[in-house]
Structure formats: C-alpha cells, structure tokens
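One structure is given below, encoded as structure tokens.
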Amino acid sequence: MNILTFDIEEWFHILDNDSTKNEADWAKYPGRIHQNMELIFELLAQNNQKATFFCLGWVARKHPDIIRAIVNKGYEVATHSDLHQLAYEQSREAFKADLETSIKALEDVSGKKVKAYRAPGFSIKQENKWAFEVLVENGIEIDCSVFPAKRAHGGFAEFGVAEPCWIDIDGHRLKEFPINTFNSFGTPLIFSGGGYFRLFPSLVLEKLMKQSDYVMTYFHPRDFDAGQPMIEELSRVRKFKSYYGLKGALGKLEGLLQDFKFIDLQAAENQIDWQNARIVKL
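Below is the structure:
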C-alpha cells in the first residue's frame, strides 16, 4: 500500500526558525504557492493519480482558490493545522483553538467534511499525546502525525508501530497512518517524503519502495521549487535540509508514480481491515 499525500503550505513555512515563525513574519516573503501547486496538479493529471492534500487553514483564508481547485479536481482535503505551529509548543487550549479554526476555514471553502489531520513537523509525541484526544473531540477520524523514529522536531519513537493501526488513549479511538520506516542495521530509516526523499537517489528510493509493504509519502509545494529564495537566517545544516535536491525532486516523484501504484488516504482507509488492526494504547 503506497499512499500519496501533500502538505499544502508556503515555501516560507519553515519550522524552528525565528524569522518565519509567526503569521506577521510571513508578509515579508513573496508567495510562490500558486506556481508550485500548478506543478503538482499537472503531475497528478498526467499520471491520472489521486492524492490527499493536508492544507493549512491559513491557505484556505489567504488563497481559497487553491482549496477550491483541489476539490474541483477530485482530491481529498484534510487539515495540516491552521497556522503551522509545532503542536508540542502549544497548550491544549491553543492546540484546540488552532485545530477548530483550521477545520472551519477548510470546510467553509471546500464544502467538504474534514476528517483527517497531520501535525506540522509531525509534532505530536509522548509529551503531548493528549493532542489525539483533542482530535477525536473535534471530529477527526484519521491522524497522520506519528513519526515513529527520532526527529529534530517531533518524533515519537516510543510509539513502536510503523503501519496503519488504532490509537486508544483513555477511551478515545483514532485511526492512525504513521510515517513508514525501513529497518537498516537496527535503525529505522525514513525515505518517503520531504528532505529525506530529496536526499536519496532514485535507484535507492525504488529499491526501498519495492521492499516496503506500506509507504506513507508526504511532499510540500516547496519540495519542487528550485527557484525559491534562500532564508539566510537558517543554519548551514538547516539550509542543506531545506534546499538540497529541489531541482530533481519532481522528476523523482514522477518516476515513482509511473513505476508504482499509489492511492489517496480515503482509499487506503477503505482497504484496511480495521476490526483486526493493531491497537496502540497510549
């Protein structure tokens, strides 16, 4: 099972960086989301490919035409939060307010119920697992926020599962589609999205795909934009992670779409035998 998803945000929505942290800061940067979304739409159309789009509520308010285009082209809309903040830096009340605002903004524009969520930076982890309760309380049925390995921001290595499963937290039940991992010498390896995807050569990606029964991809419009400006305040390491491999990323993804079968999150949910799926109690 290979699932194709995109996190819809602007190129400057970079986490853990003071100059791009808040909505007031974003006005300093030119928008590039429309041209990058056109690349994605064209790629999907050429390959007759479905996908799920995890969108910011901010995008729905700032660029409602993008959300309408996603819906009109037959793609699924989910939420990626409202203002792209790390969930573990928020209080329960702030997380709830952000989630509610995002759902309302996306549903108002799309006319569709939002039932799936992915946290910015996969930032639900052991210390803020209460977020899963908030998701259920607000009508979210599917979460895609678990990154079952160590990560610079986020990371839920204690989760211990890298396949579709149930989350059970104090009686709250939620379907979980975590990021997939590939075991390499006892270490979980991530390859299916973002900077990880841009880092690996196509031959390596194809090999890892062939050996994986479950793949959850996650791409951003900025992953395919080699012309985006450099945010100079980033450290050398962050610049490498944020800008390496942009030029060839679209071609890499096109190659995978031609060589492997991908489905959207809705189709994936329908294929799972949830009565017999593993339950992770938190």
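Under the UniProt record's numbering, the first residue of the sequence shown carries the number 1, and numbering increases by one thereafter.
Note that beta-carbon positions come from the ideal geometry of N, C-alpha and C, so glycine has one too.
The structure displayed is predicted, hence computed values, not measured ones.
Inter-residue spacing [alpha-carbon to alpha-carbon] between residue i and residue j
i, j, result
"Ile167", "Val134", "13 angstroms"
"Phe219", "Gly171", "32 angstroms"
"Asn22", "Asn276", "43 angstroms"
"residue 305", "Gln46", "No statement about residue 305 is possible, as the shown extent of the chain runs from 1 to 282 and does not include it."
"Phe147", "Pro30", "31 angstroms"
"residue 298", "Ile231", "Residue 298 is absent from the structure shown; the chain starts at 1 and stops at 282."
"Thr217", "Ala24", "30 angstroms"
"Lys281", "Ala116", "20 angstroms"
"Phe6", "Phe41", "11 angstroms"
"residue 323", "Val237", "Only positions 1 to 282 of the chain appear in the structure, and residue 323 is not among them; the question remains open."
"Thr187", "Asp65", "42 angstroms"
"Ala69", "Ser110", "9 angstroms"
"Cys144", "Lys73", "23 angstroms"
"Leu250", "Glu10", "17 angstroms"
"Asn17", "Ser235", "9 angstroms"
"Glu105", "Ile179", "Note that residue 105 corresponds to Ala in the displayed sequence, not to Glu. Their Cα atoms are separated by approximately 26 angstroms."
"Phe132", "Phe197", "27 angstroms"
"residue 285", "Glu206", "This structure leaves residue 285 out entirely; the chain is present only between 1 and 282."
"Glu127", "Gln228", "35 angstroms"
"Phe118", "His80", "According to the sequence provided, residue 118 is Arg. The question's Phe does not apply to it. The alpha-carbon atoms of Arg118 and His80 are separated by roughly 5 angstroms."
"Leu15", "Lys241", "12 angstroms"
"Leu189", "Val204", "12 angstroms"
"Pro120", "Val136", "18 angstroms"
"Lys113", "Val59", "17 angstroms"
Nearest-angstrom beta carbon gap, residue j and residue i [assumed within contact, 8 angstroms]
i, j, result
"Cys55", "Val71", "Going by Cβ atoms, the distance from Cys55 to Val71 rounds to 10 angstroms, so no, they are not a contact pair."
"Phe191", "Phe177", "That belief does not hold up - the Cβ atoms of Phe191 and Phe177 are roughly 16 angstroms apart, past 8 angstroms."
"Met1", "Gln211", "Not a contact, Cβ separation roughly 14 angstroms."
"Gly155", "Lys125", "6 angstroms"
"Leu256", "Met209", "7 angstroms"
Three-state secondary structure (DSSP) of residue i
i, result
"Lys150", "coil"
"Asp273", "coil"
"Ile279", "strand"
"Asn128", "helix"
"Ile33", "helix"
"Asp264", "coil"
"Asp143", "strand"
"Ala119", "coil"
"Ala78", "strand"
Near the ligand MG: residue i beta-carbon under 6 angstroms from a heavy atom
i, result
"Asp18", "This structure lacks the ligand MG; in fact it carries no ligand of any kind."
N-terminal and C-terminal residue of the beta strand (DSSP E) that residue i is part of
i, result
"Val114", "Val114 -> no beta strand (DSSP E), and no H or E assigned at all."
"Asp16", "Note, Asp16: premise wrong, no beta strand (DSSP E); not H, not E."
Range covered by the alpha helix (DSSP H) that runs through residue i
i, result
"Asp98", "Arg92 to Ser110"
"Asp259", "Leu246 to Asp259"
"Asp25", "Glu23 to Trp26"
"Phe6", "From DSSP, Phe6 is part of no alpha helix (DSSP H) but of the beta strand (DSSP E) over Thr5 to Ile8."
"Ser242", "Arg236 to Tyr243"
Sequence ranges, beta strand (DSSP E) only - wholly within the stretch 35 to 76, length at least 3: For the stretch 35 to 76, whole beta strand (DSSP E) runs of length 3 or above, ordered along the chain, are 52 to 55.
Can you give, in chain order, each stretch of the beta strand (DSSP E) that sits fully within the stretch 157 to 221 and has at least 3 residues? Within the stretch 157 to 221, the complete beta strand (DSSP E) segments at least 3 residues long are 165 to 169, 172 to 176, 182 to 184 and 187 to 189, listed from N- to C-terminus.
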